[in-house]
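Reviewing the structure listed below.
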Amino acid sequence: MKIVTWNINGVKARIEVLTTWLQESNPDIVCLQEIKSVDEGFPRFELEALGYHVETNGQKGFNGVAILSKQSPDEVNRGLPGDDADDHARFIEAVFSTEKGPLRVVSLYLPNGNPINTEKFPYKIGWMARLERWAEERLALEEPLILAGDYNVIPEPIDAKVPEAWVNDALFQPATRQSFRRLENLGFTDAVRSVTDKGDVYTFWDYQAGAWQKNNGIRIDHLMLSPEAANMLESASIEKHVRAWEKPSDHVPVAISIA
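If you want it as structure tokens, here you go:
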């Protein structure tokens, strides 16, 4: 089973890119972030025509997450618990039946957190704390669980081409990276880092200053696997070539294959 996460950066603007990629890559489950669409405005028809079931947690103009799947989920939950005042569409969970039992997949879009001297940074850290509490509860079920998405976290210096350029950015703040490590310490495996310790492994290249041409990238899109999911992992890869397509997202798909 192939499971992919991708910050699409506007699903309506990239629908041709998305459908072309779906036909080329042929994933079983896709976790999209930053769809920038309300639920009723999401381009379902084009995706359903390719054989995908569509579940969304949308929001007008920004944020928004979705899960596309060849198999319909048994259960769908929208929104990260823990803060009733949080109206950002950043979280959707789907549960699928498999021959080996249930599989839980989450598409999440963590807050950016910039500028760090505003209320946006505490919101980011608070959101990560809520995710940690939620994940700890789900781990108690001892089921394969995949937290896939744009974390807006550069975990280590090796995950940036020019790490010193990010020292004042929310994505690379010590508190941000510590929150990510706490998630790992619960027992989650960073799928990409479990298969390679090389540098130059990036998932995002800014549109500005020729970042793509210079390979000035960062790795901020992650698939975090519970122990049960990590035991099923066969491969992890970054489909970097999609960034060179016409009208691309600034992120690229990150894929895993599980048994």
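Residues -19 to 239 in my numbering are what the sequence shown lists, from first letter to last. All C-beta atoms in this analysis are idealised placements derived from N, C-alpha and C, irrespective of residue type, glycine included.
Give me the Cα-Cα distance between N43 and E79, rounded to the nearest whole angstrom.
34 Å
Inter-residue CB distance, I15 and T36 (contact presumed, cutoff 8 Å)
7 Å
Per DSSP, which residues does T169 bridge with? Please list them.
L205
Just curious, the alpha helix (DSSP H) that Q3 is in, first and last residue?
-5 to 5
Three-state secondary structure (DSSP) of G81:
strand
Within its chain, find whatever has a CB closer than 7 Å to the CB of G179; leave out the 5 residues flanking it on each side and keep chain order.
I138
In terms of residue numbering, what span does the alpha helix (DSSP H) encompassing E28 cover?
24 to 28
In whole angstroms, what is the alpha-carbon distance linking V34 and T156?
31 Å
Give every residue of the same chain whose Cβ lies closer than 6 Å to the Cβ of V45, excluding the five residues on either side of it in the sequence, and list them in chain order.
Q13, N37, I72, S87, Y89
Could you pull the start and end residues of the beta strand (DSSP E) that R58 belongs to?
55 to 58
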